[in-house]
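Engineer: Residue numbers (my numbering): 1 to 146.
Ideal Cβ placement from N, Cα and C applies to all residues, glycine included.
Below is the structure I would like to discuss, written out as structure tokens.
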Ligand code: RB5
């Protein structure tokens, strides 16, 4: 199931090292990963990175996206403005599982200044291992999409 999943990853400057650790972790799990940066710790603007990744998920080029900024909030807001994107900030594994199972999220966002790298990797695993349950949840997700 993981074999064909294409994952795009981005962040702002908040924690490049954590984003790169996530990218290699996901790649090690057998996913096709594109880390679109940025590559330096130079201050940048999270909206452009969130939007850039979200557009490539919304277009179907990537199946899922993983985002990181200081709190996870700003980059999530930017990604969520793109039609077809369902993204939420997760700081625990329960939410990361449920956001796939019930909300059919196609992107997840995390706060690099909120959680540590170990938890971030567990959250990513919970997100990737979960499957959308459909059924009554599909009705509700359709209502989000309008
Ligand atoms: C950047 O300092 C910080 O504002 C950003 O990473 C993020 O936390 C915004 O939501």
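Got a sec: does ligand 1 put a non-hydrogen atom nearer than 6 Å to the Cβ of residue 69?
Structural biologist: To locate residue 69, count along the chain shown from 1; it is residue 69. Checking the Cβ of residue 69 against ligand 1 gives yes.
Engineer: Have a look at residue 114 and residue 47 and give me their C-alpha separation to the nearest angstrom.
Structural biologist: Taking the chain shown and counting its residues from 1, one reaches residue 114 at position 114. Taking the chain shown and counting its residues from 1, one reaches residue 47 at position 47. Cα to Cα, residue 114 sits roughly 19 Å from residue 47.
Engineer: Assign residue 123 to one of two classes, buried (16 or more other C-beta atoms within 10 Å of its C-beta) or exposed (fewer than that).
Structural biologist: Within the chain shown, the letter at position 123 stands for residue 123. The residue is buried, with at least 16 neighbouring Cβ atoms inside 10 Å.
Engineer: Answer yes or no: do residue 110 and residue 120 have a C-beta to C-beta separation smaller than 7 Å?
Structural biologist: Locating residue 110 in the chain shown gives position 110, counting from the first residue. Locating residue 120 in the chain shown gives position 120, counting from the first residue. Against a cut-off of 7 Å, the Cβ pair of residue 120 and residue 110 comes out as a contact.
Engineer: Could you tell me the alpha carbon to alpha carbon distance between residue 108 and residue 44, rounded to whole angstroms?
Structural biologist: Counting from 1 along the chain shown, the entry for residue 108 is found at position 108. Counting from 1 along the chain shown, the entry for residue 44 is found at position 44. If you take the alpha carbons of residue 108 and residue 44, they lie about 20 Å apart.
Engineer: Whole angstroms is fine: what's the gap from residue 6's alpha carbon to residue 77's?
Structural biologist: By 1-based counting over the chain shown, the position of residue 6 is 6. By 1-based counting over the chain shown, the position of residue 77 is 77. Cα-Cα distance, rounded: 22 Å.
Engineer: With a threshold of 8 Å, are at least 3 pairs of Cβ atoms found where one atom belongs to the segment 55-71 and the other to the segment 12-23?
Structural biologist: Touching, yes.
Engineer: Kindly examine ligand 1 and report whether one of its heavy atoms sits closer than 6 Å to the Cβ of residue 63.
Structural biologist: Locating residue 63 in the chain shown gives position 63, where the first residue counts as 1. Residue 63: no, Cβ never under 6 Å from ligand 1.
Engineer: In this structure, how does DSSP classify residue 6 when only helix, strand and coil are distinguished?
Structural biologist: Position 6 of the chain shown, counted from the start, is the residue given in the question as residue 6. Residue 6: strand per DSSP, three-state reduction.
Engineer: Rounded to a whole number of angstroms, what is the C-alpha to C-alpha distance between residue 63 and residue 133?
Structural biologist: Locating residue 63 in the chain shown gives position 63, where the first residue counts as 1. Locating residue 133 in the chain shown gives position 133, where the first residue counts as 1. Approximately 17 Å between the Cα atoms of the pair.
Engineer: Following the continuous alpha helix (DSSP H) through residue 28, name the residue where it begins and the one where it ends.
Structural biologist: In the chain shown, the residue the question calls residue 28 occupies position 28. Where residue 28 is concerned, the enclosing alpha helix (DSSP H) stretches over 16-28.
Engineer: Tell me where the alpha helix (DSSP H) around residue 139 begins and ends.
Structural biologist: For this step, residue 139 is matched to residue 139 along the chain shown. Element bounds for residue 139: 136-145.
Engineer: What three-state label does DSSP hand residue 36 in the structure shown?
Structural biologist: Numbered from 1 along the chain shown, position 36 holds the residue referred to as residue 36. Coil at residue 36, not helix or strand.
Engineer: Work out the CA separation of residue 83 and residue 145 for me, nearest whole Å.
Structural biologist: Working through the chain shown from its first residue, we reach residue 145 at position 145. Working through the chain shown from its first residue, we reach residue 83 at position 83. Using only the alpha carbons, I get a separation of about 8 Å.
Engineer: So which of 51, 61, 143 and 129 has the shortest CA-CA distance to residue 26?
Structural biologist: For this step, residue 26 is matched to residue 26 along the chain shown. That would be 129, whose Cα lies nearest to the Cα of residue 26.
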